[in-house]
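Notes for the one structure printed next.
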């Protein structure tokens, strides 16, 4: 959720409008509208949603489309580029509803965006299904028209901390470092409670400004505290900077360090090379063939087709985005209607297996999934822990000078 470099006024609106996928409302078309980060500071993550939305729509249409009350509809996408700018994103969702007359909404990336954009959906009472925001702030407002396929941010480190308690030796002191945006504040708040419950001491607790690139002062504190573990929350560019500066300043936690983002992606490993090794991370999804799907067959097949189509590997952002589209198909067919309220009620009652997960929304509109703890070992991503160890972790992490 970075601050963006945005165009202004009519120029921005013209540029956004040009990035359109399909015609708006037609008699035999159900149009899904979305504002996503195609350019700007968070475009590298926004592409997962742009591409997954399109791939899911194409796949569903190729299989025959959506059946509603004895009639078959095709799905269409109306996607706009919010240029990683929250204010522009809000205006675009208003445009999608009031100007373009889309039927339903898909979401942007990042909790800050979803917090603002979902207020538009709630105002117009048009469902928004999104896999880009998980902050508790999104789902604590009593909204009825926003749904999320990412688990609660406050629980992101639950699996990691449970794993830590089973390590030998188990970490006792922790440095908690988090950005000041809504998602990361929620992560930090929940992590404090989890650490307290686990009996681990927070020796350093630091918040940094979102988009920060200099972590030297925080790392100086971490080094002085001689902590066993660093738990970090932010976004991928910041995570890369943090690790590079850890190495530069010879900051060596006695046990391990973990990140909410970055570790599962191939871009992260390419950017850091060997320095990515030993980093722990988390993901709600891996391309496992056990995750069966009505349209793609299974998650492994989805990942294969995605890589072939777009030239890069999908991660949980892409898988959750595909599940967002699938949610609409199940809900619309169950409702037998395009009425937004009836579809909203059908979404709330969803319970289906997707390539991403079993999709079942809690009363607040969010699904809850366990995080899979992962680690980069010799350049490869390895699943380490869910409720038990899957693979042996490289632990404790060696000092930078001994790698």
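In our numbering, the protein residues as written are 5 to 407. For glycine and all other residues, C-beta sits at the position ideal for the given N, C-alpha and C.
Segments of 4+ residues assigned as alpha helix (DSSP H) that fall wholly inside the segment 27-105: 47-66, 90-98
8 Å Cβ cutoff, residue 107 in contact with chain D: Among the chains of the structure shown, chain D does not appear; only one protein chain is present.
8 Å Cβ cutoff met for residue 246 and residue 262: Position 242 of the chain shown, counted from the first residue, corresponds to residue 246. Position 258 of the chain shown, counted from the first residue, corresponds to residue 262. Their beta carbons are not under 8 Å apart, which means residue 246 does not touch residue 262 by this criterion.
Cβ neighbours of residue 126 in the same chain (closer than 6 Å, five flanking residues each side left out): Walking along the chain shown from the start, residue 126 turns up at place 122. Same-chain partners within the cutoff: 147, 149.
Identified DSSP bridge partners for residue 205: Within the chain shown, the letter at position 201 stands for residue 205. DSSP lists 177 as partners of residue 205.
C-alpha gap between residue 100 and residue 326, whole angstroms: Taking the first residue of the chain shown as 1, we reach residue 100 at position 96. Taking the first residue of the chain shown as 1, we reach residue 326 at position 322. Residue 100 and residue 326: Cα-Cα distance of roughly 20 Å.
Contact set for residue 199: own chain, Cβ-Cβ below 7 Å, skip 5 residues either direction: For the purposes of this step, residue 199 is identified with residue 195 of the chain shown, where counting begins at 1. So the qualifying residues of the chain are 165, 178, 206.
Residue 249 - partner residues in DSSP beta bridges: Along the chain shown, one-based indexing puts residue 249 at 245. None, per the DSSP bridge assignment.
Bounding residues of the alpha helix (DSSP H) (the contiguous stretch that carries residue 386): Here residue 386 is taken as the residue at index 382 of the chain shown, counted from 1. Where residue 386 is concerned, there is no enclosing alpha helix (DSSP H), although the beta strand (DSSP E) it sits in stretches over 384-389.
Start-end ranges of the beta strand (DSSP E) lying completely within the segment 228-288, minimum 3 residues: 233-237, 260-263, 284-287
Nearest neighbour of residue 155, chosen from 277, 134, 171, 219 [CA to CA]: As a first step, residue 155 must be located in the chain shown, where it is residue number 151. Comparing Cα-Cα distances from residue 155 to each of 277, 134, 171, 219, the minimum goes to 134.
Close-in-space but distant-in-sequence residues of the same chain around residue 281 (CB under 8 Å, 5 per side omitted): Here residue 281 refers to the residue found at position 277 when the chain shown is read from its first residue. Excluding sequence neighbours, residue 281 sits near 380, 381, 382, 383, 398, 407.
Residue range of the alpha helix (DSSP H) that includes residue 141: Sequence index remark: in the chain shown, residue 141 carries index 137 (1-based). Looking at the DSSP string, the run of the alpha helix (DSSP H) that includes residue 141 is 140-143.
Contact the segment 347-366 vs the segment 83-95: 3+ CB pairs below 8 Å: no
Simplified DSSP assignment, three categories, for residue 392: In the chain shown, counting from the first residue as 1, residue 392 sits at position 388. If DSSP states are grouped into helix, strand and coil, residue 392 belongs with coil.
Residue range of the unbroken alpha helix (DSSP H) whose run includes residue 314: Locating residue 314 in the chain shown gives position 310, counting from the first residue. First-last of the alpha helix (DSSP H) with residue 314: 303-314.
Sequence-distant residues of the same chain with beta carbon closer than 6 Å to residue 169, five excluded per side: Counting from 1 along the chain shown, the entry for residue 169 is found at position 165. Closer than 6 Å at Cβ, skipping near neighbours: 202.
beta-carbon residue 289 near the ligand FMN non-hydrogen atom, thresh 7 Å: As for the ligand FMN, it is missing from this structure, which has no ligand bound.
Span of the beta strand (DSSP E), counted from its first residue to its last, around residue 133: Translated into the one-based positions of the chain shown, residue 133 becomes position 129. It spans 132-134 - the beta strand (DSSP E) in which residue 133 sits, taken as one unbroken run.
7 Å Cβ shell around residue 227 - same chain, five flanking residues per side excluded: For the purposes of this step, residue 227 is taken as the residue at position 223 of the chain shown. Around residue 227: 253, 255.
Option nearest residue 335 by Cα separation, candidates 289, 71, 42: As a first step, residue 335 is located in the chain shown; it is residue number 331 there, counting from the start. It is 71 whose Cα lies nearest to the Cα of residue 335.
Span of the beta strand (DSSP E), counted from its first residue to its last, around residue 377: In the chain shown, residue 377 corresponds to position 373, counting from 1. Per DSSP, residue 377 belongs to the beta strand (DSSP E) from 376-381.
Given 8 Å, three or more beta-carbon pairs between the segment 286-303 and the segment 219-239: no
Proximity to residue 142 [Cα-Cα], best of 120, 217, 333, 129: Taking the first residue of the chain shown as position 1, residue 142 is located at position 138. Ranking 120, 217, 333, 129 by Cα distance to residue 142 puts 120 first.
Best match in 61, 404, 45, 377 for proximity to residue 161 [C-alpha to C-alpha]: For the purposes of this step, residue 161 is taken as the residue at position 157 of the chain shown. Residue 377 is the option with its Cα nearest to residue 161.
Burial state of residue 5, where buried means 16 or more other Cβ atoms lie within 10 Å: The count along the chain shown starts at 1 and reaches residue 5 at position 1. Only weak support exists for where residue 5 lies, its pLDDT of 36 falling under 50; the value from the coordinates is given anyway. With 16 or more Cβ atoms within 10 Å of its Cβ, residue 5 is classed as buried.
Proximal residues to residue 190 (C-beta, below 8 Å), its chain only, five neighbours per side dropped: Counted from its first residue, the chain shown places residue 190 at position 186. Here the set comprises 115, 138, 139, 140, 141, 156, 157, 158.
Residues that DSSP places opposite residue 211 in a beta bridge: Mapped onto the chain shown, residue 211 falls at position 207. Paired residues: 182.
Residue of 49, 54, 76, 64 minimising C-alpha distance to residue 340: Here the question's residue 340 lines up with position 336 in the chain shown. Considering only alpha carbons, the answer is 76.
Presumed contact (8 Å Cβ cut-off) between residue 151 and residue 36, rounded CB distance: As a working note, residue 151 is residue 147 in the chain shown. As a working note, residue 36 is residue 32 in the chain shown. Contact doesn't hold; Cβ gap of about 13 Å is too wide.
Residue 221 to residue 210 span [Cα, whole Å]: Within the chain shown, numbered from 1, the residue matching residue 221 stands at position 217. Within the chain shown, numbered from 1, the residue matching residue 210 stands at position 206. Residue 221 and residue 210: Cα-Cα distance of roughly 10 Å.
For residue 232 and residue 176, believed in contact at Cβ under 8 Å, the rounded distance: Sequence index remark: in the chain shown, residue 176 carries index 172 (1-based). Sequence index remark: in the chain shown, residue 232 carries index 228 (1-based). Between residue 232 and residue 176 the Cβ distance is about 6 Å, and since that is below 8 Å, they are a contact.
CB contact flag (residue 57, residue 110, <8 Å): Start at 1 with the first residue of the chain shown, and residue 57 comes out as number 53. Start at 1 with the first residue of the chain shown, and residue 110 comes out as number 106. For residue 57 and residue 110, yes; Cβs fall inside 8 Å.
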